[in-house]
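First the structure, in the form of structure tokens, and then the observations on it.
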Amino acid sequence: MSIAILAMTKPNQHGHQVFDWSQSIRDTVLSSFFWGYILLQIPAGMMAGRFGGKMLMFVSMILTGIVNLLVPLAASLGDWKAVVACRILMGLFQGLLYPCLHGLIGQWAPAMERSRMGTFVYSGSQLGTVIEMMLAGVLAESAWGWPAIYYVAGATCLSWAALWLVFGASSPGTSRWITKEERKYIEYSTGSMDITESKRIPTPWKAILTSVPFWAIILAHSGQSLGFWTLLTEMPSYMDKVLKVDVKSSGLLSALPYVAMYILSFVFSWTADFLINRNIFALSTTRKIFNTIAFWGPAAALLGLTYIPAGHLPLAVSILTLTVGLNGAHYAGFLISHIDLSPNFASTLMGITNGCGNIFSIMAPLSVTLVVADENSAEEWRKVFFISIGFYFLSNLYFILFMSGQVQDWNEPKPTSSSIENGEQGESEKSKNLEKKDSVSDQKL
């Protein structure tokens, strides 16, 4: 949208409708996605924890794809207010996504491979950003114009959903595509409950909300959201207004930092797993090291970016690439720490932190409206960058001081007396059956 909105508001769009939207309206359109996004975070986490994430993710992507296809029509009929409505709906549907992903990683990722598997999954968002930014700029300058951006995005969502319906699974126990040996290895090494078992365990809300390590993740997620989404949503406008780069070039240049982030995220995650598996550093120490790289590295680079003289485009792009590239270390930092604290409630924890964090995502584009009086002034944009620097620094400092790598006591809360009475006999039978299955599996292995 950060690329498309530039094309939608510039003349000479090959006969496609052009809109006269002020910077305030553009920032409202950009931020409106998050108005819907934060609403379903916690409910999605709870539902994913109890019922699995497969169908929730399928619904999320199907509906997101449909709304994307409808955006050009909505814009022509209802102007920016209709686009805002579509953005809110997309945010609402995509609010299901990340809590489900975290629950799936908790079910599928052994501790020794967690940093790498988490990076494989979440770096997909950076790969998508790279492709979309480059493609959006090219489509906007082509004869198909800016509507093609939404048509391609919508068709991609629908295609992915079809593949997911066939190949996706909420847990190893419900997958048709793995062997029994692989299933047994994953289930024993993840330390998470079976979906049917977790339905009987109440969510320990008091313990979660009073957990100091969990608050470290909340603050880290908030700092990451403000800093990252300020760059993602506003950098094309900054390059357009201050650096005077056209839409097509802006798409290509804006994508370059996310290429660096995508590549470096694998370097960071492999290194993190190496340090953990070789017992070079404890799990918590490793998380803190890479979170510091992801937060204080970009903070320092952003500080340099704010003082680059006008006209030094290559230097500005280089520092911006470094800023976003270093941020790829957060996949091995706070983002996977929910599962370290509680594999059983990872989806719920992610719902809480993602909901809180994306309040700050809403603030990212709106802060530009409030702070930047002159869109063409580098000094005005500098104020926006200082806000991100401050949040990066303080949120990581708290993470360093209070984060833990230990599974928390409340990961396996004591069941209520009623659940004990109702489930005691069933658990006994289940244990006997598991012992028989394990005996048979061991013989096969």
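Under the working numbering, think of the first position of the sequence shown as -9, with each following residue one higher. Heads up, the beta-carbon is just placed ideally off N, CA and C, and yes, glycines get one too.
| N-terminal and C-terminal residue of the alpha helix (DSSP H) that Asn344 is part of | Ala336 to Val361
| Residue ranges of each beta strand (DSSP E) within the segment 96 to 120, 3 or longer | Entirely contained in the segment 96 to 120, not one beta strand (DSSP E) run reaches 3 residues.
| How many whole angstroms separate the CB atoms of Glu122 and Ala143, which I take to be in contact at a CB cut-off of 8 Å? | 7 Å
| query | Just curious, the alpha helix (DSSP H) that Ser179 is in, first and last residue? | reply | Lys170 to Thr180
| Per DSSP, what kind of secondary structure is Ile28 in: helix, strand or coil? | coil
| message | Report the CB separation of Thr54 from Phe83 in whole angstroms; it is logged as a contact under 8 Å. | response | 5 Å
| query | Does DSSP classify Pro194 as helix, strand or coil? | reply | Coil.
| Three CB pairs or more closer than 8 Å across the segment 153 to 173 and the segment 272 to 286 | Under the three-pair Cβ rule at 8 Å, the segment 153 to 173 does not count as touching the segment 272 to 286.
| task | Counting only the same chain and skipping the five closest in sequence on each side, list residues whose C-beta sits under 8 Å from that of Ala250. | result | Only Thr311, Leu312, Val314, Gly315 and Gly318 meet the Cβ criterion.
| Around the Cβ of Trp167, are there at least 16 other Cβ atoms within 10 angstroms (buried) or fewer (exposed)? | exposed
| Taking the alpha carbon of Val74 as the point to measure from, which residue in Gln97, Gly114 and Ser14 has its own alpha carbon closest? | Ser14
| request: Assess, as a yes-or-no matter, whether the segment 85 to 103 is touched by the segment 32 to 43 under the definition of 3 or more beta carbon pairs within less than 8 Å. | output: yes
| Thr261 to Asn269 span [Cα, whole Å] | 12 Å
| message | Quick check on Ile298: does DSSP put it in helix, strand or coil? | response | coil
| Could you give the residue range of the alpha helix (DSSP H) that holds Ala306? | Membership of Ala306 in the alpha helix (DSSP H) is indicated by the continuous run Leu303 to Leu316.
| Is it right to say Tyr512 is buried, meaning 16 or more other beta carbons lie within 10 angstroms of its own, or is it exposed? | An answer regarding residue 512 cannot be provided, because it is not within the stretch -9 to 435 covered by the chain.
| What are the boundary residues of the alpha helix (DSSP H) that includes Phe271? | No alpha helix (DSSP H) contains Phe271, which DSSP labels as neither H nor E.
| query | Should Ile191 and Trp400 be called a contact, given that it needs their Cβ atoms to be closer than 8 Å? | reply | no
| query | Leaving out the 5 sequence neighbours to the left and right, which residues in its chain are closer than 6 Å to Ala151 when beta-carbon positions are compared? | reply | Phe48, Met51 and Ile52
| field | Cβ shell of Leu46 (< 7 Å), same chain only, five flanking positions each side left out | value | Only Ala34, Met37, Ala38, Leu86 and Cys90 meet the Cβ criterion.
| query | What is the DSSP secondary structure of Asn366, reduced to helix, strand or coil? | reply | coil
| request: Starting from the C-beta of Leu325, find all residues in its chain whose C-beta is less than 7 Å away, skip the five residues before and the five after it, and write them out in chain order. | output: Once the five neighbours on either side are set aside, the close Cβ partners of Leu325 are Gly108 and Tyr112.
| task | Taking 8 Å as the cut-off, decide whether the C-beta atoms of Ser385 and Tyr321 are in contact. | result | no
| request: Could you check what DSSP says for Leu79 in three-state terms: helix, strand or coil? | output: helix
| task | Assign Glu224 to one of two classes, buried (16 or more other C-beta atoms within 10 Å of its C-beta) or exposed (fewer than that). | result | buried
| query | What residue range is occupied by the uninterrupted alpha helix (DSSP H) comprising Met447? | reply | Residue 447 is absent from the structure shown; the chain starts at -9 and stops at 435.
| task | Classify Val362 as buried or exposed, calling it buried when 16 or more other Cβ atoms lie within 10 Å of its own Cβ. | result | buried
| request: Look at Ser332 and Gln396 and say whether their C-beta atoms are less than 8 Å apart. | output: It is not a contact, given that the beta carbons lie outside the stated cut-off.
| message | Which complete alpha helix (DSSP H) runs does the segment 126 to 171 hold, if anything under 4 residues is left out? | response | Correct list: 137 to 157.
| message | Rounded to whole angstroms, what is the Cα-Cα separation between Ser447 and Thr296? | response | A question about residue 447 goes unanswered here, because the residues of the chain that appear run from -9 up to 435.
| request: Assuming Phe9 and Asp69 form a contact by the criterion Cβ under 8 Å, report the distance between their Cβ atoms to the nearest whole angstrom. | output: 7 Å
| request: Go ahead and pull the three-state DSSP assignment for Ser215. | output: helix
| field | Cβ distance (whole Å) where Met393 is taken to contact Pro203 below 8 Å | value | 5 Å
| query | Is Lys234 helix, strand or coil by DSSP? | reply | coil
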